[in-house]
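**Student:** Please find one structure pasted underneath; my questions will follow.
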Amino acid sequence: MIYLHIFLAFFIPGIVGYGGGPSSIPLIQYEVVNRYQWMTVEEFSEVLALGNALPGPIATKMSGYIGYEIGGVFGAFVGVFATVAPSLLLMIVLLGILYKFKESPKVKRMTMLIRPTIAILLGVLAFRFIESSNVGVGIWQTIILMLVSFLLLEKWKVHPALVILLAIGFGAIFLS
Numbered sequence: 108m109i110y111l112h113i114f115l116a117f118f119i120p121g122i123v124g125y126g127g128g129p130s131s132i133p134l135i136q137y138e139v140v141n142r143y144q145w146m147t148v149e150e151f152s153e154v155l156a157l158g159n160a161l162p163g164p165i166a167t168k169m170s171g172y173i174g175y176e177i178g179g180v181f182g183a184f185v186g187v188f189a190t191v192a193p194s195l196l197l198m199i200v201l202l203g204i205l206y207k208f209k210e211s212p213k214v215k216r217m218t219m220l221i222r223p224t225i226a227i228l229l230g231v232l233a234f235r236f237i238e239s240s241n242v243g244v245g246i247w248q249t250i251i252l253m254l255v256s257f258l259l260l261e262k263w264k265v266h267p268a269l270v271i272l273l274a275i276g277f278g279a280i281f282l283s
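The number in this note's numbering is simply the position in the sequence shown, starting from 1, with 107 added.
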């Protein structure tokens, strides 16, 4: 029964919390503090502060931690799954609809217009990563890592996961 409560405590805010993690925090607080009384307001505030201090989506970090505190490792899994389940279900439904109408001229036009937008968003994201790595690592190391990664991926067709592991190893050995 506790796992059902953990699921509901994070699934409901995930459905009605329009706008992502930060907008669902008050809803999660209501479920965790008021409805199920798993934590006090002070404890929830500490979890929120910890979640803000770590990288990544805040709602999944909070649901994982709270789920772990309440139901152990499986509780953490249930909490994180309940947090991402609404988005996952919506994506599956929307992709099913898109796949059903993939031959439609309107859908083809829509996907043709979306592709450049996604490319621009990814380019902006890459540029921000480059900017932040310039500050932390330096321009030459950034350029070398980018060039070597590009050659490994495009010329020698090395699997992206291996390139990421190599970059992490390089950073751990030479940049720490």
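Glycine residues also receive a C-beta, built at the ideal position from the N, C-alpha and C atoms.
1) Evaluate contact between the stretch 115-123 and the stretch 189-205, counting only Cβ atoms and requiring at least three cross-stretch pairs below 8 Å.
2) In angstroms with no decimal places, state the Cα-to-Cα distance between Gly276 and Ser283.
3) So, is Leu157 buried or exposed, given that buried needs 16 or more other C-beta atoms within 10 angstroms?
4) Report the rounded CA-to-CA distance for Asn159 versus Pro212, giving the unit in angstroms.
5) Can you list, in chain order, the stretches of the alpha helix (DSSP H) that have 4 or more residues and sit fully within the stretch 158-227?
6) With the cut-off set at 8 Å, would you say Phe208 and Val200 are in Cβ contact?
7) Apart from the five residues just before and just after Val185, which ones in its own chain have a Cβ nearer than 7 Å to its Cβ?
8) Pull up the distance between the alpha-carbon of Ile204 and that of Lys264, whole angstroms please.
**Tutor:** Looking at the coordinates:
1) yes
2) Near 10 Å, if we compare the C-alpha coordinates of Ser283 and Gly276.
3) exposed
4) 44 Å
5) 165-207
6) Here Phe208 is not near Val200, since their CB atoms are 8 Å or more apart.
7) Tyr110, Ile113, Phe114, Gly174, Gly178
8) 34 Å
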